[in-house]
Amino acid sequence: LANYPNRDGRLANGVGLDTPASCVEVLKALKQAGYDTGYYLPADSAALIACLSAGVTNDPEGFDSRPLAQWVDIEAYQGYFATLSGTVRTRVEARWGAAPGEYGLRPEGLPVSGVRFGNVFVAIQPARGYDSDPQLNYHAPDLEPPHPYFAFYYWLREVWGAHAVVHLGKHGNLEWLPGKANALSAGCFPEAVLGALPHLYPFIVNDPGEGTQAKRRTAAVILDHLTPPMARAETYGPLLDLENVIDEYHEAASLDPARLPALQTRLLALIGKTELHRDLGLAQLPADLLPEFLTSVDGYLCEIKEMQIRDGLHIFGQAPEGEQLCGLLVALARPGSPSGSGITQALALDLGLDFDPLVAELGEPYAGPVLDLIGPCRTVGDVVEGLERFAHGLMAEPGDLSVLPRTREVLDWVTGPLLTALMQTDEEMVHLLAGLDGRFVPAGPSGAPTRGRPEVLPTGRNFYSVDVRAIPTPGAWDVGRKAAEALVERYTQEHGEYPRSLGLSVWGTSTMRTGGDDLAEALALIGAQPVWDRASRRVTGFEVIPVAVLGRPRVDVTLRISGFFRDAFANLIGLFDDAVRAVANCDEADEDNPLRAQVQVDRQFWVDEGLPVEEAEVHSRLRIFGSKPGAYGAGLQGLIESRCWQDDGDLARAYLNWSGYAYTRAAEAGISAPAAFARRLGRLAVVLHNQDNREHDLLDSDDYYQFQGGMTAAVRSLSGRQPVTYFGDHSRPQAPKVRSLHEEVSRVYRARVVNPKWIRGMMRHGYKGAFELSATVDYLFAYDATAQCVEDFMYQGVAESYLFDPEVQQFVRRKNPWVLRDMAERLLEAHQRGLWSTPTSQTLDTLRGLMLEAEAWIETHNDGTMPRP
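Just so we're aligned, residue -13 is where the sequence shown starts under my numbering, counting upward by one.
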């Protein structure tokens, strides 16, 4: 079981997965299959966590006092360590000292965290070692694993005698250890650590990139698992009150105008109470309720209601049921079907509507006929909501659809092949057991099922990814081109000029999932287009689009690629580098070609700095940067977690140190160029990040704030100004949208973070549900620390929803009291750092009280005893 950060409230990491509950189900399946699982198995996730936290974990608290059930003797470890590659030994000893070192050492020996159930050992994957010295977060992107890490896997193989290892859930840290990307040798750390141990890896189906990383670097057999159930966000609480009063206002406008002044007062009060005007870019609430403002509020509420959020988590081997099943079926059927139309599109066609519900402007007035199936509607958003509700009802009771032929055709597919595939989710467990038996695990495609990829079902297969030579695909080029034009249009409208420079983070897993949307957008922005071989559909090169055809100036784009992108897509690095050089060589005016203009300026700058002309030329054209070879990440997670930073300069230093290698066609192995990257960052006008599906959001993972937030903080530190930050939404490829980062954070905050529907969904999952609440608080804080994009009312809303609400507070206290402390502590840190500037003294006192209460529990129960419901 993965564990990061190294806290007891965050055991059993796994994206989209109730990992503790899934582990219990795996144990039960093993017992039923005849494995010796001992005399006791935990009945549920709470019992499992109680067992694990009773002993030593990665959490420094209690490390010295908790009982240690298994360990590696120092002498035995030294003998094993001596058998490792000389390269590995030299690097580890240089970092951690001669075996066994001092880090993570107990008097008994090197600890192995976990619990034995007969012949099955449920373990906590060891820490990477960054917690030993916060300074490592600044300067050690390729940190060697410490001695306890080696001892753990040695114990599994040689002492415990494991025949196989299962890493449960996306993702652990083994596949991200330093070393080569492919064909690992004895000097590569994943190979040195794991050895020749069969490796099975349950992994979420929508992440082909990181799953491929595990295949390439740890020989993993993937058992892909289903994404969590999805649901419409809907409105709730004050937002629902506001929506109802808006409806009442429009009704009164035509039937009883005398009521309008009173309703306007109520509307302004509700908007002020919810701070909704801030979402719309207004620092102050308008004194009068202007029609344009009310229309904006109305349309925004429609967008919030329509957003897709997760309704709980997935449990390995179990298909969703009831409402969760219906919600997921609608989400899967929305983007399309074998007949072409999605479920709501088919309904719209059958009802004679003249708009596409997937791309319509939801706030627009609806002037069509009253629809018997839906009822009266005032806006297009009301119609879309009605279509969604009707579609949801059809999933439970199809009924007679003779008058809706297109809908019936889609529903036949939903209730036939699609539902059948979902009901085969138990194959996740079946194929895991087959893999442990040494039998074949079937292969299958990967991708985001709710983005028009139902063919990834049924899950439980050893997924594959893509042909990298066919990226960007024509479809991805279409999305990227549209996204580029949308971004340029928005920037021009807001700033009265064209954007000249932009930084974009590009991830390998997104590239595999979409076929290359991000790289296609980067090419479109600089004014280049892929060229494909018609027969094979593979990319053979590119062509530069003339400015006259482009219809706008080019944009100078700098890419910060992920480590996996570097490993998997050398061809795309070469393609974009070639395109940059070609555009830089175009004989065009500076105002039409900012890239060429900047290359000329930078060439002279590097000559003046003393570089030879040839090197100055290379440095001036560098536009692709990432981690050093063998390293991964952006460097901010450990920094934020350890609280070892003071200002933007610290964040920028870590980001630069983890990102300062440049990659070109000629330098696939990378060249150290932190000064060149710093010069690029200091001149960026825009920082962009894209997301291609709604199965997760930007507050679900540390990667978003590390990459976009890290780049933003670095630009701010180097230039002294806050760049424009955009977030691209490509979840509906027909119409990609560009929002400000503040707008996207606001939408996610309203739709998911404080939405009782999402919170209730998490509360169904006990310990892991509380874990998810705490993770959301951490990511909200970290995005604000790096990108300055969170409003004060959001911190207050999180405090009220997660910690002050009696029911939720009691849930957290009973199921995962560690995160009660963690969340209160993080919110207090937000205030101490000036990110949350306006909490009341009562709010702060309540947070301190909760933190101290949880702290007392942790100290008293440091043997791991969990309070039972």
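All C-beta atoms, glycine included, are put in the ideal place defined by N, C-alpha and C.
Values in this document were obtained by computation on a predicted structure and should not be read as measured data.
Reference residue i, options the options, closest by Cα
i: residue 433; options: 466, 347, 195, 311; result: 195
i: residue 169; options: 301, 483, 554, 132; result: 554
i: residue 205; options: 216, 184, 297; result: 184
i: residue 9; options: 415, 386, 335, 323; result: 415
i: residue 104; options: 342, 146, 116; result: 146
i: residue 778; options: 387, 262, 747; result: 262
i: residue 54; options: 522, 688, 76, 93; result: 93
i: residue 315; options: 330, 325, 301, 222; result: 330
i: residue 623; options: 613, 611, 640; result: 640
i: residue 141; options: 44, 25, 95, 163; result: 95
i: residue 271; options: 52, 560, 255; result: 255
i: residue 831; options: 810, 172, 762; result: 810
Where the beta strand (DSSP E) containing residue i begins and where it ends
i: residue 187; result: 185 to 190
i: residue 545; result: 542 to 547
i: residue -2; result: -3 to -1
i: residue 217; result: 216 to 218
Straight-line gap, residue i to residue j (C-alpha atoms, nearest Å)
i: residue 739; j: residue 780; result: 9 Å
i: residue 691; j: residue 465; result: 24 Å
i: residue -11; j: residue 594; result: 49 Å
i: residue 345; j: residue 351; result: 15 Å
i: residue 50; j: residue 36; result: 18 Å
i: residue 294; j: residue 217; result: 6 Å
i: residue 126; j: residue 697; result: 18 Å
i: residue 852; j: residue 802; result: For residue 852, the pLDDT reaches just 43, beneath the cut-off of 50, and the residue's location in the model is therefore unreliable, although a value from the coordinates is still provided. The straight-line gap from Cα to Cα measures roughly 8 Å.
i: residue 845; j: residue 152; result: 32 Å
i: residue 652; j: residue 557; result: 11 Å
i: residue 572; j: residue 730; result: 37 Å
i: residue 753; j: residue 759; result: 10 Å
i: residue 580; j: residue 706; result: 21 Å
i: residue 437; j: residue 341; result: 20 Å
i: residue -2; j: residue 686; result: 16 Å
i: residue 635; j: residue 823; result: 21 Å
i: residue 695; j: residue 768; result: 8 Å
i: residue 176; j: residue -5; result: 27 Å
i: residue 305; j: residue 484; result: 49 Å
i: residue 787; j: residue 761; result: 14 Å
i: residue 817; j: residue 78; result: 40 Å
Residue i in three-state terms, based on DSSP
i: residue 643; result: helix
i: residue 566; result: helix
i: residue 557; result: helix
i: residue 408; result: helix
i: residue 388; result: coil
i: residue 657; result: strand
i: residue 514; result: strand
i: residue 764; result: helix
i: residue 232; result: helix
i: residue 712; result: strand
i: residue 860; result: Nothing can be reported for residue 860, as the shown portion of the chain is limited to -13 through 855.
i: residue 648; result: strand
i: residue 259; result: helix
i: residue 483; result: coil
Range covered by the alpha helix (DSSP H) that runs through residue i
i: residue 287; result: 277 to 292
i: residue 115; result: Run containing residue 115: none; DSSP gives neither H nor E here.
i: residue 141; result: Where residue 141 is concerned, there is no enclosing alpha helix (DSSP H), given that its DSSP letter is neither H nor E.
i: residue 202; result: 194 to 204
i: residue 16; result: 5 to 18
i: residue 605; result: 599 to 606
i: residue 675; result: Residue 675 -> not in any alpha helix (DSSP H); beta strand (DSSP E) instead, spanning 672 to 677.
i: residue 222; result: Counting along the chain, residue 222 falls outside any alpha helix (DSSP H), and DSSP gives it neither H nor E.
Residue i - partner residues in DSSP beta bridges
i: residue 57; result: 97
i: residue 614; result: None; residue 614 has no bridge partner.
i: residue 308; result: DSSP output for residue 308 lists no bridge partner at all.
i: residue 151; result: 185
i: residue 108; result: 101
i: residue 707; result: Bridge partners of residue 707: none, in fact.
i: residue 488; result: 543, 672
i: residue 211; result: 190
Cutoff 9 Å: residue i Cβ touching any chain C Cβ
i: residue 6; result: Any reference to chain C falls outside this structure, which holds one protein chain only.
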